[in-house]
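Here the sequence shown stands for residues 4 to 376, where the numbers follow the working numbering.
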Amino acid sequence: MSPQRTGRLFAPDVQDALMGWLYARALMALAYVVALIVSDELVGGRTVQLHQGLFAWDGAFYRDIADYGYDALPTTALRFFPLLPMLARLGGFLIGGNVGLALLVVVNVSALVVGVLLHRLAVAETGDRALGARAAWVVALLPPATVLVLGYAEALMMGLTIAAFLRFRNNQWWSAAGLGFLAGLSRPLGVALVVPTAIEAARGWSRASPSDRGSRLAAVIAPLAGLACYLAWVQTRFEDWRLPLRAQTALDLRGDFVNPIVKIFDAMGGMFGSERLGEGLHAPWIVLYLALLVIVFRRWPASYGAYATVIVVFALSAESLGSFERYGLSAFPLILALAQLLDRPAIERAAMVGLGAAMTAFAVLIFTGSFVP
Numbered sequence: 004m005s006p007q008r009t010g011r012l013f014a015p016d017v018q019d020a021l022m023g024w025l026y027a028r029a030l031m032a033l034a035y036v037v038a039l040i041v042s043d044e045l046v047g048g049r050t051v052q053l054h055q056g057l058f059a060w061d062g063a064f065y066r067d068i069a070d071y072g073y074d075a076l077p078t079t080a081l082r083f084f085p086l087l088p089m090l091a092r093l094g095g096f097l098i099g100g101n102v103g104l105a106l107l108v109v110v111n112v113s114a115l116v117v118g119v120l121l122h123r124l125a126v127a128e129t130g131d132r133a134l135g136a137r138a139a140w141v142v143a144l145l146p147p148a149t150v151l152v153l154g155y156a157e158a159l160m161m162g163l164t165i166a167a168f169l170r171f172r173n174n175q176w177w178s179a180a181g182l183g184f185l186a187g188l189s190r191p192l193g194v195a196l197v198v199p200t201a202i203e204a205a206r207g208w209s210r211a212s213p214s215d216r217g218s219r220l221a222a223v224i225a226p227l228a229g230l231a232c233y234l235a236w237v238q239t240r241f242e243d244w245r246l247p248l249r250a251q252t253a254l255d256l257r258g259d260f261v262n263p264i265v266k267i268f269d270a271m272g273g274m275f276g277s278e279r280l281g282e283g284l285h286a287p288w289i290v291l292y293l294a295l296l297v298i299v300f301r302r303w304p305a306s307y308g309a310y311a312t313v314i315v316v317f318a319l320s321a322e323s324l325g326s327f328e329r330y331g332l333s334a335f336p337l338i339l340a341l342a343q344l345l346d347r348p349a350i351e352r353a354a355m356v357g358l359g360a361a362m363t364a365f366a367v368l369i370f371t372g373s374f375v376p
């Protein structure tokens, strides 16, 4: 369906996404200024993250990989998958060699695309344009969405996965396969796309022609193929394909895999014990994501709930919950569920103000080195 002519400069989905996108970047700029003032006046020194700016935390790794390659960095850098650095290097070549700027352009354009595609997906599934607009705003302002502004790969992966949903929900399997392959190259979580793709591929399988079945199978295995290509390159270059996976389980990162049920109870108990400023801080987000997961299963197709479940369970199975909120952001069906809850104008306005304030606070903590996104 082509966009209706409404007298707007952009199509409604682009305009709704653009407004939230601009607002989020204004809040990040405000947070940076606040962090500077706090560091200079209260802490007495500026953090490394303030000097790094939009390359704070993992963003610096992605920039350095794009600039110098994996060979110039410790092998732990292999946990950062190659698609974003590759695009940044290509973009840097096109704009005169500034790889860092190219990386930020890729990330932030991808973030805008995420808002647009999420809007389109919501409308395609429900016919509710107001829901699409709310979803575009929520994905821009949810506090973990700071990583959609910083030099992280979440925006790229989310754009690819949402686009894949749009494709396979319309039986466009070959394009879904291409998107899935790229998702597998973007982040380890990209392989989670296998689960919803398999669910959708199974629908109508008995009526599908042999060629259609082939395209469905290609879409299902494509994310795994993307991952396999990267691991094969690592094996060739570093003689150990397990390095990217092993780096993820380092004690100062995710740590070992644990029982997610046990981890939930540990986090809840941490709210009232010695870990209330550590693991306990993640407990409210665990409750929120689990509640939204229930809504996804009740109101959305099974593939949406399955995809969100894989990501939430994976995030909860880590020994350290340090980046739990960021992992949950990648489970975009949760954002759709949250947007559905904000269907009253007064609630929507209050929520957007609250999300904006929380996002600003998150960003201040990130820039002052107090929180790892």
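All residues carry an ideal CB built from backbone N, CA and C; glycine is no exception.
| Asked | Found |
| --- | --- |
| What are the start and end residues of the alpha helix (DSSP H) that includes L227? | P213 to F241 |
| Start and end of the alpha helix (DSSP H) containing H54? | V51 to Q55 |
| From what residue to what residue does the alpha helix (DSSP H) around R190 run? | First-last for R190: undefined, no H or E at that position. |
| Can you round the beta-carbon distance between V117 and I68 to whole angstroms, since I take them to be within the 8 Å contact cut? | Actually they do not touch by this definition, with Cβ atoms about 22 Å apart. |
| Rounded C-beta distance between A143 and G56? I'm assuming under 8 Å. | Wrong, their Cβ atoms sit about 20 Å apart, outside the cutoff. |
| Pair every Cβ in the stretch 34-52 with every Cβ in the stretch 205-215, then say whether three or more of these pairs are closer than 8 Å. | no |
| Given 8 Å as the limit, is there contact between the stretch 328-335 and the stretch 257-272, that is, 3 or more CB pairs closer than that? | no |
| What number of angstroms, rounded off, separates the C-alpha of L280 from the C-alpha of M31? | Since pLDDT at L280 reaches only 47, below the 50 mark, its modelled position is unreliable, and the value read off the structure follows with that caveat. Distance between the alpha carbons of L280 and M31 is about 24 Å. |
| Rounding to the nearest angstrom, what Cα-Cα distance links G357 and T363 in this structure? | 10 Å |
| Give me, in chain order, the residues of the same chain whose beta-carbon lies closer than 7 Å to that of L227; leave out the 5 immediate sequence neighbours on both sides. | G187, V194 and V197 |
| What residues in its chain sit with their C-beta under 8 Å from that of V237, if we drop five residues either side in the sequence? | L81, D243, W244, L246 and P247 |
| With DSSP as the reference, label A385 as helix, strand or coil. | The displayed coordinates of the chain run from 4 to 376. Any statement about residue 385 would go beyond what the structure contains. |
| Do the CB positions of H122 and D19 come within less than 8 Å of each other? | yes |
| Would L115 and A91 be called neighbours here (beta carbons separated by less than 8 Å)? | no |
| Just list the residues that DSSP pairs F260 with in beta bridges. | A321 |
| How would you call N173, buried or exposed, if buried means at least 16 neighbouring beta carbons within 10 angstroms? | exposed |
| For A270, name the three-state secondary structure that DSSP assigns. | helix |
| Whole-angstrom Cβ separation of I298 and A334, contact assumed at under 8 Å? | Not quite, the Cβ-Cβ distance comes to about 12 Å (not below 8 Å), so this is no contact. |
| What is the DSSP secondary structure of F83, reduced to helix, strand or coil? | coil |
| Would you call the CB atoms of L87 and L159 closer than 8 Å? | yes |
| Helix, strand or coil for L280? Go by DSSP, reduced to three states. | Reliability fails at L280, whose pLDDT of 47 lies under 50, so the model's placement of it is uncertain and the value that follows must be treated cautiously. Of the three classes helix, strand and coil, the one that applies to L280 here is coil, per DSSP. |
| Rounded to whole angstroms, what is the Cα-Cα separation between F84 and S189? | 5 Å |
| Going by beta carbon distance, what residues of the same chain come within less than 7 Å of L33, once the five residues before and after it are set aside? | T363 |
| Could you tell me the distance, in whole angstroms, from the CA atom of Y73 to the CA atom of K266? | 33 Å |
| Measure how close the beta-carbons of V109 and G94 come, nearest whole angstrom, since I'm counting them as under 8 Å. | 6 Å |
| So, at 6 Å on beta carbons, what are the nonlocal neighbours of A204 in its own chain, with the 5 sequence-adjacent residues on each side left out? | R219 and V223 |
| When you compare only the Cα positions, how much space is there between A136 and S113? | 17 Å |
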